[in-house]
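Student: If you scroll down you'll find the structure; I have some questions about it.
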Amino acid sequence: MSVTIFTMTHKKFPTPGDLIYVPLQVGRAGAEDLGYIGDDAGVSISEKNCYYGELTGVYWVWKNIKTSDYVGICHYRRYFCTEEGRILTGKEYEEILSEYDIITSKLLKLNFAYYDGYAANYNRHDLEAVEEVIRQDYPDYYETFEKLVHDKNTYFGNMMVCRKEIYDAYCEWLFGIFEKAEDKIDASGYDDYHKRVYGFISEFLLYVWTQVQGLSVYECKVGMTDEKRETAEIKERLAEYFAGRDIAGAKAYMLACLEKRPDVLMEASDITGELRMSMQVIAVCELEQQAYGSSTIDRIQDFGALMAHFQKLNDMIQAWKEGECKMSPSEVEFYLKKESITDIALEASARLFYPAEEACEIAEAVKAYRG
1068 MSVTIFTMTH KKFPTPGDLI YVPLQVGRAG AEDLGYIGDD AGVSISEKNC
1118 YYGELTGVYW VWKNIKTSDY VGICHYRRYF CTEEGRILTG KEYEEILSEY
1168 DIITSKLLKL NFAYYDGYAA NYNRHDLEAV EEVIRQDYPD YYETFEKLVH
1218 DKNTYFGNMM VCRKEIYDAY CEWLFGIFEK AEDKIDASGY DDYHKRVYGF
1268 ISEFLLYVWT QVQGLSVYEC KVGMTDEKRE TAEIKERLAE YFAGRDIAGA
1318 KAYMLACLEK RPDVLMEASD ITGELRMSMQ VIAVCELEQQ AYGSSTIDRI
1368 QDFGALMAHF QKLNDMIQAW KEGECKMSPS EVEFYLKKES ITDIALEASA
1418 RLFYPAEEAC EIAEAVKAYR G
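In structure tokens form, the structure reads like this:
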């Protein structure tokens, strides 16, 4: 069994030691040659990279690789890994693929239907154009597409590993859809991020395809070798706002970031969860200021300390409903008073994990210990 995992990249990066990982420069047509294999050799769509993202590499593997029994796609800082976070080896891939048809990312659990999330962050027309192509030309997939697009799950990252025959069949289906959709979609006026229409929609389409095909899927943990530069920069700016007790400034900055990059709060980008927690900090402090005239930010300004403060609260609230809270009633009372946990903070935390009515019940139950 020969396995080759192509690592999509647009920049130089430290490669994993295992030789099954082969760097593939995507969008190399018109870009600086990094010294890796490029997606502009042989049969390619490298010139479409601004619209397709890593899919130009996916296409290149489909059309040009004939010697590997199994092929896969990962990213220069995003890899399939063990539950402990270690990048998978060739031997581990072989063991998994001896039992499963395909390896994908774990399903991303959304807080909203995929369609609604796409419509909120991108141009709804583009998804509907793809839907129309599937309805007209791929009717066997339409019922599943309709069901899943209004569900709350998707794969992410366009990451997969499978037999080359399965890979080829998927690519023929995927790029056949997009070739027809190109006649209905005009992304030329979008900014650089939103132009990557096909790269975004394909993440969901992999989910549709595996379901219709009835493949046995091994959903694998995805690990990041480092944090995205954009994520680190956002956290640094937020830390400055928090240090200055400027919640209004932090809110305005974060909203501007989300308008430009709606994906920054997704697990694949916010690997530590600190951006999502920063949104919690902002919301809680804003409401506390309105209700009490002061807020948590008046007591804690350090970014790390704020994250630890809210993480401890979230952990307690989440464990409470599951009956796993290890704090005694007296310890809960002491914690709430010592940390000055407000009703607003309790309710906001509960709403992260439970429906509104249930969240209120949990918050009230915890409040009772404060006396």
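The sequence shown begins at 1068 in my numbering and counts up one residue at a time. A virtual CB, placed ideally from N, CA and C, is assigned to each residue, including glycine.
#1: Give me the Cα-Cα distance between TYR1234 and VAL1138, rounded to the nearest whole angstrom.
#2: Considering only C-alpha positions, which residue in the set ILE1112, ILE1384, ALA1299 is nearest to ASP1410?
#3: Classify THR1292 as helix, strand or coil using the three-state DSSP reduction.
#4: Tell me, to the nearest whole angstrom, how far the beta carbon of THR1171 is from that of VAL1284; I am working on the premise that it is less than 8 Å.
#5: Compute the Euclidean distance between the alpha carbons of ALA1426 and ARG1418, then round it to the nearest angstrom.
#6: For ALA1412, is the classification buried or exposed, using 16 other Cβ atoms within 10 angstroms of its Cβ as the cut-off for buried?
#7: Let me know if GLY1224 comes out buried or exposed under the rule of 16 or more other beta-carbons within 10 Å of its beta-carbon.
#8: Would the beta-carbon of ASP1136 fall within 7 Å of that of MET1068?
#9: What do you get for PHE1073, buried or exposed, if any count of 16 or more other CB atoms within 10 angstroms of its CB means buried?
#10: So, using beta-carbon positions, are ILE1071 and TYR1143 closer together than 7 Å?
#11: Just list the alpha helix (DSSP H) runs in the stretch 1316 to 1398, keeping only unbroken ones of 4 residues or longer that don't cross its boundaries, in chain order.
#12: What runs of the beta strand (DSSP E), each 3 residues or longer, lie entirely inside the stretch 1095 to 1158?
#13: Using beta-carbon positions only, say whether ILE1252 and ALA1196 come within less than 7 Å of one another.
#14: Helix, strand or coil: which one does DSSP assign to ILE1169?
#15: Could you check which residue in ALA1372, ALA1317, ASP1369, ARG1296 has the C-alpha nearest to that of ASP1337?
#16: Pull the bridge partners of MET1075 from the DSSP assignment, please.
#17: For ILE1349 and ILE1314, which I take to be in contact (beta-carbon distance under 8 Å), what is that distance rounded to the nearest angstrom?
Tutor: The answer reads as follows:
#1: For the purposes of this step, residue 1234 is taken as residue 167 along the sequence shown, with counting starting at 1. For the purposes of this step, residue 1138 is taken as residue 71 along the sequence shown, with counting starting at 1. Going by the C-alpha atoms only, they are around 7 Å apart.
#2: Residue numbering aside, residue 1410 sits at position 343 when the sequence shown is read from its first letter. Closest option to ASP1410, Cα to Cα, is ILE1384.
#3: Residue numbering aside, residue 1292 sits at position 225 when the sequence shown is read from its first letter. In the structure shown, THR1292 sits in coil (DSSP, three-state: anything other than H, G, I, E or B).
#4: Here residue 1171 is taken as the residue at index 104 of the sequence shown, counted from 1. Here residue 1284 is taken as the residue at index 217 of the sequence shown, counted from 1. The pair is a contact, with the Cβ atoms about 6 Å apart (cut-off 8 Å).
#5: For the purposes of this step, residue 1426 is taken as residue 359 along the sequence shown, with counting starting at 1. For the purposes of this step, residue 1418 is taken as residue 351 along the sequence shown, with counting starting at 1. Near 5 Å, if we compare the C-alpha coordinates of ARG1418 and ALA1426.
#6: In the sequence shown, counting from the first residue as 1, residue 1412 sits at position 345. It is buried - the Cβ of ALA1412 has at least 16 other Cβ atoms within 10 Å.
#7: Residue 1224 sits at position 157 when you count from the first residue of the sequence shown. Result: buried.
#8: Walking along the sequence shown from the start, residue 1136 turns up at place 69. Walking along the sequence shown from the start, residue 1068 turns up at place 1. Result yes, Cβ atoms of ASP1136 and MET1068 sit closer than 7 Å.
#9: Taking the first residue of the sequence shown as position 1, residue 1073 is located at position 6. Looking at its Cβ environment, which holds 16 or more other Cβ atoms inside 10 Å, PHE1073 is buried.
#10: Within the sequence shown, numbered from 1, the residue matching residue 1071 stands at position 4. Within the sequence shown, numbered from 1, the residue matching residue 1143 stands at position 76. Inspection of the sequence shows that residue 1071 is occupied by Thr rather than by Ile. Cβ distance not < 7 Å, so THR1071 and TYR1143 don't count as in contact.
#11: 1341 to 1359, 1370 to 1388
#12: 1137 to 1142, 1145 to 1148
#13: Within the sequence shown, residue 1252 is the residue found at index 185, counting from 1. Within the sequence shown, residue 1196 is the residue found at index 129, counting from 1. Yes. Within cutoff.
#14: Translated into positions along the sequence shown, residue 1169 becomes position 102. The answer is strand: DSSP assigns ILE1169 an E or B state.
#15: Sequence index remark: in the sequence shown, residue 1337 carries index 270 (1-based). For the residues ALA1372, ALA1317, ASP1369, ARG1296, the minimum Cα distance to ASP1337 belongs to ARG1296.
#16: On the sequence shown, position 8 is the one that residue 1075 refers to. DSSP lists LEU1091, HIS1142 as partners of MET1075.
#17: Start at 1 with the first residue of the sequence shown, and residue 1349 comes out as number 282. Start at 1 with the first residue of the sequence shown, and residue 1314 comes out as number 247. Their Cβ separation, rounded to whole angstroms, is 6 Å, which keeps ILE1349 and ILE1314 in contact under 8 Å.
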